[in-house]
Amino acid sequence: MAIAEVTIIPIGTATTSLSGYVAGMQQVLAQEEGITYELTSMSTIIEGPTDRLFEVIRTLHESLFETGAGRVSTSIKIDDRRDQPSSSVQKLRSVREKLQS
1 MAIAEVTIIP IGTATTSLSG YVAGMQQVLA QEEGITYELT SMSTIIEGPT DRLFEVIRTL
61 HESLFETGAG RVSTSIKIDD RRDQPSSSVQ KLRSVREKLQ S
């Protein structure tokens, strides 16, 4: 399973606030199957098979055009570990364990 950190920003909107767009994308994610996701203050973390991640990211990217954005900037960072199972929870647990020792 891969982990993607995604930031999708509409450009040229009538307001500097993006929370409405972020909320809309979270609603899109809630309808997607085969992934898990977590909203953070600066991005969204999506976990799942790489093919699903790319499909979901494209859906999110397109969703902003559907809400009237004329331009959309999408940044993606992917961690695709294949030597052992990985997840956001596992990565955080590993760091916390090292901090306690």
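Taking the working numbering, the leading residue of the sequence shown gets 1, the next gets one more, and so forth.
We treat Cβ as the ideally placed atom computed from N, Cα and C, and that holds for glycine.
Can you find a CB in chain D that lies within less than 8 Å of the CB of residue 86?
Absent from the structure is chain D; it holds one protein chain and no more.
Can you tell me whether DSSP reads residue 62 as helix, strand or coil?
As a position in the sequence shown, residue 62 is number 62, starting the count at 1. Per DSSP, reduced to three states, the secondary structure at residue 62 is helical.
Boundaries (first-last residue) of the alpha helix (DSSP H) holding residue 82
Within the sequence shown, numbered from 1, the residue matching residue 82 stands at position 82. Neither: residue 82 is in no alpha helix (DSSP H) and is coded neither H nor E.
Sequence-distant residues of its chain with Cβ nearer than 7 Å to residue 8 (five each side left out)
Residue 8 sits at position 8 when you count from the first residue of the sequence shown. Cβ neighbours of residue 8 beyond the five flanking positions: 25, 60, 61, 64, 72 and 74.
Inter-residue spacing [alpha-carbon to alpha-carbon] between residue 180 and residue 27:
One cannot answer for residue 180 here, as it falls past the ends of the chain, which runs 1 to 101.
Mapping the DSSP letters down to three states, classify residue 97 as helix, strand or coil.
Translated into the one-based positions of the sequence shown, residue 97 becomes position 97. Helix.
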